[in-house]
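Letter by letter, the sequence shown follows residues 1089 to 1325 in the numbering used here. Written out below as structure tokens is the structure these notes cover.
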Amino acid sequence: MRLDKLLAHCGIGTRSEVKKYIRKGYVCVNEQIIKKDDYKIDVEKDVVYFDNELIEYRQYVYLMLNKPAGYISATKDNVHPTVLELIEGYDNYDLFPVGRLDIDTEGFLIISNDGDFAHRLLAPSRNHDKVYYAKIEGVVDQYDVETFYKGVEIDTGYVCKSSKLTILSTDEDSSEIEVVIQEGKFHQVKKMFDAIGKPVTYLKRTQIRSIELDQSLELGEFRELDEQEINDLFDEL
Ligand code: URA
1089 MRLDKLLAHC GIGTRSEVKK YIRKGYVCVN EQIIKKDDYK IDVEKDVVYF
1139 DNELIEYRQY VYLMLNKPAG YISATKDNVH PTVLELIEGY DNYDLFPVGR
1189 LDIDTEGFLI ISNDGDFAHR LLAPSRNHDK VYYAKIEGVV DQYDVETFYK
1239 GVEIDTGYVC KSSKLTILST DEDSSEIEVV IQEGKFHQVK KMFDAIGKPV
1289 TYLKRTQIRS IELDQSLELG EFRELDEQEI NDLFDEL
């Protein structure tokens, strides 16, 4: 890869900015100052420093975002802000949200630039668990737990796969629940509760497969998935 391309990809500056830095002698490759912007780098072997800071090239990134309400899970939207507007410092990575949470849903959304990973994680045949916490209008009861276990009918005649519904608490007119689903139909959790006449008033995704949303992330904050989390996700795909 060209040296100027690598530095731009790693967020050092625009292509023309990094060319200037290179010419001014800010960049070392294998302990030698390099002033040619088209100098070819072996990203596996060469050690590159910019202004005495090690440049770590990565082709793919995997981020865990705690999505707030009000943001669209898309790369572009003419009306609402997108989840990508919450991600700073990764301008050259062509990121996209892996899957979708509704605009009013909060919680765990993976942001990446690895299309193959996204494809495998989202494939309907793969049956990945996704865990949601929800507040419900109405009293969820054992009968609902069994209905979810057997498969709730949503839309016209579509019966959802068996899902595990756990009642966390109830009072006279509302409930808190956790539900584990394996499918990812449009508005699925909301439709499942609409089908039993007890609408969702708040929804948050808390887990994807074995990876739990990091409790220390405030709404709108993100961090990179660590190596263990990435390995776990890939192992399960
Ligand atoms: N199910 C929904 O209804 N909404 C979401 O955002 C995710 C799952």
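Ideal Cβ placement from N, Cα and C applies to all residues, glycine included.
Chain order is used for the residues whose beta-carbon lies nearer than 6 Å to a heavy atom of ligand 1, namely L1189, D1190, T1193, H1275, Q1276, V1277, K1278 and L1291. Here the alpha carbon of Q1295 sits roughly 19 Å from the alpha carbon of T1289.
For A1283, the enclosing alpha helix (DSSP H) starts and ends at Q1276 to A1283.
Within its own chain, the residues whose Cβ lies closer than 6 Å to the Cβ of T1254, once the five positions on either side in sequence are excluded, are E1266, listed in chain order.
Our two residues, R1214 and R1297, have alpha carbons roughly 11 Å apart in a direct line. Residue pairing for C1116: DSSP places it in a beta bridge opposite I1121 and Y1137. DSSP lists V1219 and K1252 as the beta-bridge partner residues of V1268. For the pair Q1230 and P1287, the Cα-to-Cα distance works out to about 17 Å. Collapsing the DSSP output to three states places E1315 in a helix.
With a contact defined as Cβ atoms closer than 8 Å, S1200 and L1183 qualify at about 7 Å.
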